[in-house]
Each structure stands twice: as structure tokens, then as C-alpha cells.
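Number of protein chains: 2
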Amino acid sequence: MITDRLIDRILALENPTCVGLDTALEYLPEALFATVSDARSAAEAIFTFNRNIIDAVADMVPAVKVQIAYYEELGPWGLSAFSRTVNYAKEQGLFVIADAKRNDIGATASRYAKAFLAEPSFGEGFSSDFLTVNGYLGTDGLIPFAEEAKRSDRGLFVLVKTSNPSSGELQDLLLADGRTVYEAMADMVASSDAEYGKYGFSRMGAVVGATHPDQAARIRARYPHLFFLIPGYGAQGGSAEMLKNCFDGRGLGGIVNNSRGILLAYRKRGGTYYDAARAAVLDMKRDLLAAIGGYHA
Amino acid sequence: MITDRLIDRILALENPTCVGLDTALEYLPEALFATVSDARSAAEAIFTFNRNIIDAVADMVPAVKVQIAYYEELGPWGLSAFSRTVNYAKEQGLFVIADAKRNDIGATASRYAKAFLAEPSFGEGFSSDFLTVNGYLGTDGLIPFAEEAKRSDRGLFVLVKTSNPSSGELQDLLLADGRTVYEAMADMVASSDAEYGKYGFSRMGAVVGATHPDQAARIRARYPHLFFLIPGYGAQGGSAEMLKNCFDGRGLGGIVNNSRGILLAYRKRGGTYYDAARAAVLDMKRDLLAAIGGYHA
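Protein chains in written order, with the working numbering: chain A, 10 to 306; chain B, 10 to 306.
Encoded structure:
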């Protein structure tokens, strides 16, 4: 079961860090940026950057998260770079989280599920290990993703409490029944997948931002079976101290993403972008392990 | 202002119909389907189908809605067919709604906004007239879309009350302050864009399903400035009688999408898929106009 395998790898590496490949063109170092003259060369440069980052961190981190918006901005060639990045990361033994936050009614959701979770019918596709999903449409917008995930042994992270400053505007609203909107969302997720692996987590997890420690503690306590994808560490203001509430007494419960703090580490540290990324990952691993208090699984 | 221009076109054609290009491979007629052997030929066949549908309806309908999930299923080649479809429809004078339901935190939302609303930096892109958006992340996930829409004179439709059977599971929940979740969402949309065109509608509209007439009436009355994208007519069970609540006394207020009822009309009516699509559009126009009671704008 995929969540078990991801946790096995986190434990083997003693590292719950996920490297976010939100690769904007302007993040590239000057020499690589200078090779860009059209969509095709832009996509090539972005893939080269990602490949070098992946090579630098593949023995240290369990997963990468590829944020598709940055690739869509470059049109079909950008999506080709997305596909190549996903496939290269998988070849290097990394778990790949497609961060696409897809959502739609059932018939259409099943198409997205096929696009991101199934093996493609023809040639290069977007087949990843995990997909982020937005559940605003209700369970019939989630079930096609859950069914495809089960069929192909992949996983999902449904947006519950996001890391952005205004996430509370809708998500923290209090319902007449005493729950918050994000708890209603988490209830929907928890009721859509009651199959747990050896560590007690389901394949359908939750996105819970590092920037909201109180809500994270509530969600961790209330939903012991939900594994978290935790964005917001670093550039968005989340710290290891703030996100430790996402983990249980075993030190398990989530994987922590960092994008800009790793991709742009070279601008603060100097040296090559890949060496700087590796050094940033090592720092982050130490930081997270100290806050979580190590593993007791 | 784009919402004005869309309404001008609806009035000129006396037709609030939007043709949904949710083109699944299995919707293609046998002869076209037989040309498919890989992702490239699949994308070519889908574009050919779309082009013939567009040619058949371009003088009768104001807009097409292109549902990106069906193109993502085919990987980068599918996205190339999406791009070609969007651009061909615009060349034929149609307004194009990219139905992608994108959503993310601010920094990433601005990438999606650029991908779907701005002119592309290089070559072929996804630049459409309108984009569907999911507002679960709060206003800082909506504002980058609103800003890009204003900059490039494009429009948005934010999911408020969707057409699927289980949409109420989250959207209809009652808040402690007496609103429903979908009303809280609509309030967020209405407060994010207070600039109205000559017909009194903002460029940031709402998705309101044809299948929920009571909620549609509430939303229409409470938010007179929101223009609606109305899915759910036809195959999903929505009728003209059910969706007439989406329109105001002038007969204005929304555009009604139909995908399968038009793309697959040839299987019921016989003849070519494009002639059947044109006939289906004509029937739908009459059906909608009778229910709305004509235009008094």
C-alpha cells in the first residue's frame, strides 16, 4: 500500500522532507536561463534544472512534489517538462506528488484521476504516486479519485486546511453543527477511505499547512488515520516548531514540502544550485527531526 | 468589458447556449476513432472533431467551454489539442471558457492565471476568455485570478453551487451565522470584484448548476451582479424549467452549458456528428428561450 511504502522510505532515510519542484523560469541560474528562447527551450531548461536537483537529493529525500501551475504557464511544452520530471523522479526511486489540486463532477473527475494516477494509454503522461485534490464538490467528486487510487495503488491528498494567510476565510468558518468547514471536509475525506495500512494511515490523506499549528493539532487528534502533506515550511513562514503538531507520538503523520527554500538556496548559500539544494535539504532534515523528536515507529 | 461583450453576443444571437467540448476519445464516430494509434493521432482526431463541431455552431452560439480534464488524460499531446481548440474557437469569433477549476495559494494561483488568461510568453498556450476557479483557499487564492482578469479583460467563474448530486454535502452546510457554505463562497466572490459593466454584471461570476433550482433562485436574488455559468443541462438531468431561476427579469444572468447532449447528439439523431450538434443546439436554444421568456434587455 502506497502510504506504507512512503513511510517506509521516510523511516529508512530518517527524513520527512519533500522537495517542491515549483520551477519558475526566473528561478534558473543565469547560464541556464540564457538558453531560453522559446517554449521548447524553456521546457528543456526547466527539465535540466529539475533533473540536477533530483540527482542531488534522490538519496536523501523520499519524495518530490511537482506543482503543475508552473508548467502550464509554458503551454504544451511545459506539460512535456512536467511529464519528463515526473518520470525521471520515479526512475530515481522518488515518490512523486502531482500538486494539481484537481476537482470536478464525477464523470470529469474520473478523467483527471486517469490522467494523474493511472498508467497512460499512450506514451508520456502524468502518472504520479500521489495527487492533490480539492473536495469542494462533495464525495461524488472525490470517489472517482479514490477508486482510481485504489485500483492503481496510488494516494491522494485532499485540501483540508491550506497554508495561505486567508485560508481561514472559508475553511475556518463555524458550522451550525459545531464543526468548522475544514473539519467537515476532513470528515468527508475520512469517510471516503476506511482502509488503513500497517502504520494506520489511509491512502487518502490531507493537505494541512505548516502555518496553522492550532488547527493542525486539532486535525491530527481528530483524524489519526489521515497522513498529511504539509506545505508552508520556509518561504511561506512555517517553521519546524509550528508544524510538529502534525505528527503523532511515533514521529509519523506527514511529509513536509519545501519549494523555494530548496530551489533558490543557491542565491543565499552560493555555489551551484544543486549543491545548495542538497545542503538546504540536510538542514531541513535536521530541523524537522529535532522538532518531531525522532522516530519511534 | 468581457461580460458585457459576452452578453452582447448572447443578445445578438438570442441564444444563451454554451457548447461544452468535453471531448472524450470514445465520443468520436467510428471512422475518426479508427485513425487513433498513439497520443499524437488521438490529439489530432479530437481536434478534428472539435473543429467540425465549432464550424457547425459558430454562427449560432456565443461560447464554447473546453473541459481540460479530457485533454490532460492524453498527456502533453492532449494539451496541444486543448490549445489548438481554444485558439481555433477564438478565431471563429467564439468566447472560450477554459473549464479547469484551478485553485492554489497566491504565488501559484498567479501562475495559473497567467497560463489561462494572459497572452502566452512563447507560442501556443491556453489563453482563454474565461476560466473556472475553485475558491476553497480563500480570497488570496482568488485575487491573483481577479487581477490578471482585470489586466487582460478576461472573466472568471468561481464554483459556488455545482451541478453534481452530492454538491450539497459541503456547499449546503449551514454556518453558525445563518449562511450556507455556498453563500459564504458567493459573498467572497462578490466582495472580490465590485466593478460592473453596462448590464450590471462583474467579470467575476459564479458556477451555479442547473440541477438545483431552489439554490439557484436564492443565489440569483442575493447576488444580482454575478453572471452565472450554468452546467448540468441535459445529460446531468437539468432542464430549462429548472434553470430559469438563474435569470433575471431581463432574461439575463447566465450562460447554459451542454456537453454530451450536443457532442453525442449524432448517436440519437443519426447523420453526421456536426449536423446533429447543430440541430441539438437549435433545439436547446428554443427550449431555453421558452423557459426564460425571451430577452427584455
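Note that the Cβ used here is the ideal one computed from N, Cα and C, for glycine as well.
Chain-ordered, the chain A residues with CB closer than 7 Å to the CB of P174/B read D149.
Between L15/B and K110/B a beta carbon distance of about 19 Å is seen, past the 8 Å cut, so the two are scored as non-contacting.
Using a Cβ-Cβ cut-off of 9 Å, Q101/A does not count as an interface residue toward chain B, since no Cβ of chain B sits closer than that to its own.
Not flagged as an interface residue toward chain A: D257/B, since no C-beta distance is shorter than 9 Å. Inside the region 248-277 of chain B, DSSP marks whole beta strand (DSSP E) runs of 3 or more residues at positions 263-267, from first to last along the chain. Annotated as proximal: F236/B and S211/B, with beta-carbon spacing under 9 Å.
At least one CB of chain B lies nearer than 9 Å to the CB of Y79/A. In this structure, DSSP gives T141/A an extended state, which the three-state scheme calls strand.
Between the region 93-110 of chain A and the region 292-301 of chain A there are fewer than three inter-stretch CB-CB distances shorter than 8 Å, so the stretches are not counted as touching. Here V167/A is bridged, per DSSP, to V142/A and A215/A.
DSSP links Q76/B through a beta bridge to D108/B.
Distance from F166/B to F135/B at the Cβ level is roughly 16 Å; contact not present, criterion being Cβ atoms closer than 8 Å.
Take S137/B, set aside five residues on each side of it, and the residues of its chain with a beta-carbon closer than 6 Å to its own are V95, V105, A107 and F125, in chain order. For L30/B, the enclosing beta strand (DSSP E) stretches over residues T26 to L30.
Contact between L22/A and V75/A does not hold, since their C-beta atoms are separated by about 19 Å, which reaches or exceeds 8 Å. In this structure, G262/B sits away from G303/B, with a CB-CB distance that is not shorter than 9 Å.
Only exposed fits H305/A, as fewer than 16 other CB atoms lie within 10 angstroms of its CB. Under the three-state reduction of DSSP, T189/A is assigned to strand. Judged by DSSP secondary structure, I228/B falls within the alpha helix (DSSP H) whose first and last residues are P222 to R231.
Note that the region 169-189 of chain B touches the region 224-234 of chain B; at least 3 beta-carbon pairs, one per stretch, sit closer than 8 Å. Rounded to the nearest whole angstrom, the C-alpha separation of L88/B and P174/B is 29 Å. Annotated three-state conformation of L297/B is helix, per DSSP. When secondary structure is reduced to three states using DSSP, F154/A falls in the helix class.
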